[in-house]
Amino acid sequence: MSRAPPGWEPPYGSGHRPPPQGQPQPPRGYGAGQRPPPGYGDPRMAQRGGPAPPRQQYSEKPLGRPVPVSWAKIESRDQPLVIYNNLCAVSPADFPQNNDGSDPYILIRGGVAPREFVITAKPIADFPPGHVGLSEPQRKWTGITRSEQFTAELYDPLAQGDKAYLGSVDLQIEFASPKQKNNYPYDEEELSKSFAAKFQNQVLAPGQQILMEAPRTVFLITVQTVGLVDLAMSSDDSAKQISSENRARGILTSQTRVSLHKASEELNLKPSMNKANVNAILAPNFKFEDMGIGGLDKEFSTIFRRAFASRIFPPGMVANMGISHVKGMLLYGPPGTGKTLIARQIGKMLNARPPKVINGPEVLNKYVGQSEENIRKLFADAEKEYKEKGDDSGLHIIIFDELDAVCKQRGSGAGGGTGVGDSVVNQLLSKLDGVDQLNNILLIGMTNRMDMIDDALLRPGRLEVHVEISLPDEAGRLGIFKIHTAKMRENGLLAEDVSLEELASLTKNFSGAEINGLVKAAASQAFSRHTEVGQLAAVKQDVASMKVTRGDFMRSLEDVQAAYGVSEAELENAVRQGIIRYNPHIDVAIEETMRIIRMTQRDRNTFLSSVLFHGPKGSGKTALAAHTAMQSEFPFVKMVTPANLAGYRDEFAKKDYLHKAFTDAYKSPSSILILDNFEQLIGWNPIGPRFSMTMLEILTTLIATEPPKGHRLLVFVTTSNHSALRMLEVDKAFDEVVPVPAVTNLQELGVVLHKSGLFGADTSKINAVLGQVQQRTGSDRVDIGIKAILRCVSGAREGSSEEEIVDTLADLLVKKIQSN
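Quick note on full-length UniProt numbering: the sequence shown kicks off at 1 and runs consecutively.
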């Protein structure tokens, strides 16, 4: 915009009267430019499905030079016609109507900072020539004062190129005057249609202010952004959003998408039910497999249903239901299961701004108030856009990793005793669910320790969606193996003997990160086979034929172990001598235990079971529990023995260890926990008697506590002092009680000696041992545990010659029977 040239004098003086008769007129030079037609008005519009009205006839006179003009008042009778139709008043002598009777466009140059503005003009018969009548909103938009002089000329939008029409326009609507405020419900769709019909064919630009009459009030509408349409392009590619800082402008047509946004909550604007959601939440052509996440289909379904489904529907429908979008979700679970990967890949799934990612410890700052300021900065962009566009604002995603680092329970002393941790939690709560609520944010928190997070954050309106990202099942592990071996398979580097299905079955309780580590370990095995011995930097000549084989994976399974898996070493040690069925009760005990295992695995109403194995010391209770646990094929089996607690002197430390053991068990879909030698775990002492009440309470509570939803837990407990547990009334807490008898007579002792393999198939030596035992004890009763008998067998094997082995074994057995 430029002011009038230096030395220029207004042709009519400073007044607003027409020139005296006979005074020479200043050159007009307005010409009659081509006026764009209503609607799109271009033959190419037919390709877009819109109307293609015939082009109008315009004067062939060329455009002349700008006309110096001044501002002039509008007569009261013409004010409603001009002001409420967004027109400026001009003289027909300066700017006559077009040949078809339509109003001309004029380009105004002026204002404080020289700029250009296009306004639709209304020729008024008795309006003084050399003047332009601007309404108050137009003068505010153009920055032209009452005493200012400026220039105007005819404007042809079509001369600017194909992008002369508006595909979309975003408008901010508010009451024109505070006195006109009311609570009348205005329908957004009706107002949008009314605006499009009333101001059709006008040129609109960002920042332009318009007065529009409506029932019971007058609205002030401000153009925020416009989307220009290139008729030569397809509809999918044609719209280009222009911010309010640019000087883009275009013609409003009946095909323009008009979006209204409230400037304040005082306006009761009812969203349209039929209005499409312009902020489509899912990115076009999105494919789940492109995210590179396996085994989490169910979790993603839950995330989409709870957090994103409501954002697909029109805002009007959501508003009419009286609900608000979910503002936060918490992803929790063991390390390495894919929580951070999910949050990182969500940006690919959503048609939204790139997520803001912050790690919990990064929030904390040594300066007073800076930690709270860091939280406020995360929400600043979302707050600004929500004030401008309301519910039509785009989605702002904030990813908060390691949330437990800064959002611990208030009052717990987090933050070094300074109270910073409490202040950070308070600031986060106020942003999520405070007085000024936002509906355009989604906070995704991630943690391995959900129990440490403040309870207020986990309630509805905050991080209300809790999704457990647990260890993958076999189908999930297969999907993860396919993802991590995709490049090997595509490039022919995976040997044909590698079965991903087999690997998935062998990697129970492996997390996604551990499966990735297994694949890398197998690749390192292949690299090692093709490396020169003694020269790690030298590669063999046959490297072109290198492939990752099944053997590489099998060897890698020894290096990469699941953090939450089966304690195979402990279990195998417990049953290293196998299960000897010396008594029919052993078969009954095994069958009863397997029945409980199947029930816990399959019954839809059974999620927790507990079994007590009791019997004499050394009767094989631990071996029986370990054997059935290994036969169950549960993905998680852990054994807790008194030796595990021996390193803890403090009872509370022992309590924490037991709590962690159960917590680890909950991380697997199905788990077995073996608590060996219960009376020692509680510190039982028959003198007194005495025991640890703390350990007894924590054990009985944990055994009877239901696991989290979707998890199954089976607890095996062994004891050699059943009478003590009856006295403490602990035995009543178990669902099943399985007795494990000792070797009671010589017949059962003969079965054990035969199964031990000490004498092979020579039954005569076994009979000789049994005969000596009966003769020396004077009875056929044995009543000692199988563990003690097998220990006597090992002693006889190692310390005697072939001739002495019968006598040595008989001596050892007699001593054990007599001492018992």
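C-beta: ideal position from N, C-alpha, C; glycine also. As the structure is a computational prediction, the values presented were derived from the model and not from experiment.
- For the options Pro-66, Ala-93, Ile-119, Asn-98, the alpha carbon positioned closest to that of Val-82 is the one of Ile-119.
- Counting along the chain, the unbroken beta strand (DSSP E) around Val-67 starts and ends at 67-71.
- In this model, Met-450 and Ile-469 are separated by some 12 angstroms (Cα to Cα).
- With a cut-off of 8 angstroms on Cβ pairs, the stretch 744-755 is not in contact with the stretch 718-733, counting fewer than three such pairs.
- According to DSSP, Lys-270 shares a beta bridge with Asp-187.
- In the three-state reduction of the DSSP assignment, Ser-671 falls in the strand class, which pools E and B.
- Boundaries of the beta strand (DSSP E) harbouring Leu-220: 217-229, taken from the DSSP string.
- Thr-549 has its alpha-carbon roughly 11 angstroms from the corresponding atom of Ser-556.
- Counting only unbroken stretches of 4 or more residues, the alpha helix (DSSP H) elements lying wholly within the stretch 388-472 are 420-433, in sequence order.
- Beta-bridge partners of Gln-208 (DSSP): none assigned.
- Of the candidates Gly-757, Val-773, Lys-660, the residue whose Cα lies closest to the Cα of Lys-815 is Val-773.
- Of all C-beta pairs linking the stretch 604-624 to the stretch 715-723, three or more are shorter than 8 angstroms, placing the two stretches in contact.
- Taking 7 angstroms as the cut-off, the beta carbon of Val-465 is found closer than this to the beta carbon of Val-326.
- Annotation: the continuous beta strand (DSSP E) that includes Phe-716 extends over 712-719.
- Out of Leu-758, Phe-759, Ile-817, Lys-765, the CA that lies nearest to the CA of Gly-778 is found in Ile-817.
- In the three-state reduction of the DSSP assignment, Arg-649 falls in the coil class.
- Cβ neighbours of Asn-644 within its own chain (closer than 8 angstroms, five residues either side excluded): Tyr-657.
- Proximity to Asp-811 across Lys-787, Gly-771, Gly-785, Gln-149 peaks at Gly-771, based on C-alpha coordinates.
- Relative to Gly-338, the option among Glu-373, Phe-300, Val-588 whose CA is nearest is Phe-300.
- Asp-401 places its beta carbon less than 7 angstroms from that of Thr-340.
- Inter-residue distance for Gln-427 and Asn-365 is about 14 angstroms (C-alpha atoms, whole angstroms).
- For the pair Asn-448 and Asp-559, the Cα-to-Cα distance works out to about 25 angstroms.
- The bridge partners DSSP lists for Met-639 are Ile-674.
- DSSP places Ile-342 within a helical segment (H, G or I) once states are collapsed to three.
- Of the residues Gly-785, Asp-735, Leu-331, the one whose Cα lies closest to the Cα of Val-752 is Gly-785.
- Here Ala-724 is buried, its C-beta having at least 16 other C-beta atoms within 10 Å.
- Around the Cβ of Phe-652, a 10 Å sphere holds fewer than 16 other Cβ atoms; the residue is exposed.
- Assigned with DSSP and collapsed to three states, Ile-74 falls in coil, not helix or strand.
- Membership of Glu-116 in the beta strand (DSSP E) is indicated by the continuous run 115-123.
- In the structure shown, Ala-152 adopts extended strand secondary structure according to DSSP, grouped into three states.
- Per DSSP, Asn-182 is not a residue of any alpha helix (DSSP H), being assigned neither H nor E.
- The Cβ atoms of Gly-336 and Ser-511 lie closer than 7 angstroms to each other.
- In the three-state scheme derived from DSSP, where H, G and I count as helix and E and B as strand, Lys-262 is classed as strand.
- Annotated three-state conformation of Asp-664 is helix, per DSSP.
- Residue environment: Ala-197 is assigned as exposed (fewer than 16 neighbouring CB atoms within 10 Å of its CB, all protein chains considered).
- A buried status is given to Ser-192, since no fewer than 16 other beta-carbon atoms sit within 10 Å of its beta-carbon.
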